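Participant:
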Amino acid sequence: MSVSLSRPKTAAYLLFVVLQLLISGCQESPPEEAIRAALSELEEAVEAGDTGTIMDRLSGSAVIHRGQAMDRKTLQRTLMGLFFRYPKRQITLAGIRIELSPDGRTARARFTALVWGGRNVLPEKADSYQVDSHWVLESDWKIESLESERVYD
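The opening residue of the sequence shown carries number -8 in this note's numbering; numbering runs sequentially from there.
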């Protein structure tokens, strides 16, 4: 009788250990967590109209491609114009996929950005973009380059 009781216990313990290993394999590494936190910070900054926070997340040599290449100054002016034109805006990032380089100092984050905005509560304009961003670890994770393309033209 003691043998039949120990086998279910052993099977339960083995199942528990296997589940723990599977769960631990699904956890994100600290760099991935930091990039996700930076993306979340950028979402909040766009919704708040905070160009300073957005610009702080760009590396010194960052290049943004949205139809044409923009440097930091051009991007800042473009953002200020968009924030003025659409005082009520929201952004949602979906399907975030992060790939780290073997040395852990650079990364690539790809996602879909759903954006909408207007002057009132109801949005006047909505768009979705496929975004491919390259990140570099300086003192913090910063965007080195970013390309966006409208999903539907």
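Idealized CB from N, CA, C, for every residue including glycine.
Source: prediction; values computed, not measured.
(1) Assuming Arg57 is part of the alpha helix (DSSP H), what are its boundary residues?
(2) Out of curiosity, what's the CA-to-CA distance linking Leu137 and Ala53?
(3) Cα separation between Trp132 and Leu73?
(4) Is it right to say Glu135 is buried, meaning 16 or more other beta carbons lie within 10 angstroms of its own, or is it exposed?
(5) Which of the three DSSP states is assigned to Leu12 in this structure?
(6) Considering Leu128, what are the terminal residues of the beta strand (DSSP E) in which it resides?
(7) Which one or two residues does DSSP pair with Gln81 in a beta bridge?
(8) Where does the unbroken beta strand (DSSP E) through Arg141 begin, and where does it stop?
(9) Would you mind sorting Ser(-7) into buried or exposed? The rule is 16 or more other CB atoms within 10 Å of its CB.
Facilitator: Checking against the coordinates, here is how it stands:
(1) The sequence position of residue 57 within the sequence shown is 66, counting from 1. First-last for Arg57: Leu49 to Arg57, but that is the beta strand (DSSP E), not the alpha helix (DSSP H).
(2) Start at 1 with the first residue of the sequence shown, and residue 137 comes out as number 146. Start at 1 with the first residue of the sequence shown, and residue 53 comes out as number 62. Their Cα atoms are separated by approximately 8 Å.
(3) If you number the sequence shown from 1, residue 132 lands on position 141. If you number the sequence shown from 1, residue 73 lands on position 82. Between Trp132 and Leu73, the C-alpha separation is close to 25 Å.
(4) Counting from 1 along the sequence shown, the entry for residue 135 is found at position 144. When all chains shown are included, Glu135 counts as buried.
(5) Taking the first residue of the sequence shown as position 1, residue 12 is located at position 21. Its pLDDT being 47, under 50, Leu12 is placed unreliably in this model, and the coordinates cannot settle the point.
(6) Walking along the sequence shown from the start, residue 128 turns up at place 137. Lys116 to Leu128 is the extent of the beta strand (DSSP E) around Leu128.
(7) For the purposes of this step, residue 81 is identified with residue 90 of the sequence shown, where counting begins at 1. Note: Gln81 sits in a beta bridge opposite Trp107.
(8) Numbered from 1 along the sequence shown, position 150 holds the residue referred to as residue 141. Note, Arg141: beta strand (DSSP E), Trp132 to Arg141.
(9) The residue labelled residue -7 in the question sits at position 2 within the sequence shown. Low local confidence applies: a pLDDT of 47 at Ser(-7) is under 50, so the model's placement there is unreliable, and no value is given.
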